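Numbering (our numbering), first residue to last: 1356 to 1510.
Right, dumping it as structure tokens:
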């Protein structure tokens, strides 16, 4: 206290202010559940969402791995379609960065999946074009290339 030139009362006030600013706020279990739900993006696959405790984390890089032919590309393309949908349809109304390290991405397949899953919504050709324009394809092969590009890119 003496070194800081503060009285005991001023030191207590400073401690209280710092504690209030740094300590996590008290929240209810309902608020915590709601925050968790808002931090996840549903895959639209109930069992997978359950295993992931609500879905995929939003705003992160998610790596999908598995043997050849198991559906990795199909899953990622469908997730891309879902993310671009309006919030009113369960989407994020957002852009997607699709990192394709195997050159397996097919724009035709993406649009085909979109039309098949949401025929009413994608019956308007402009919506298909908008969705295609919101999926940004990266073909980097190293982690450093991905990080460099993601660091300078905004959807």
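For every residue, glycine included, the Cβ atom is placed at its ideal position computed from N, Cα and C. Just so it is clear, the structure is predicted and the values come from calculations on it, not from any experiment.
By the Cβ test, the segment 1467–1487 is in contact with the segment 1415–1435, since at least three Cβ pairs between them sit closer than 8 Å.
The segment 1434–1451 makes contact with the segment 1485–1492; the number of CB pairs closer than 8 Å reaches 3 or more. Residue 1408 sits close to residue 1395, with the two beta carbons spaced by under 9 Å. In the structure shown, residue 1480 falls within a helical segment according to DSSP collapsed to helix, strand and coil. The straight-line gap separating the alpha-carbon atoms of residue 1406 and residue 1419 is approximately 15 Å. Residue environment: residue 1454 is assigned as buried (16 or more neighbouring CB atoms within 10 Å of its CB, all protein chains considered). Residue 1437 sits in a helix when the DSSP states are folded into three classes. Membership of residue 1492 in the beta strand (DSSP E) is indicated by the continuous run 1490–1493.
For residue 1460, DSSP records no beta bridge to any residue.
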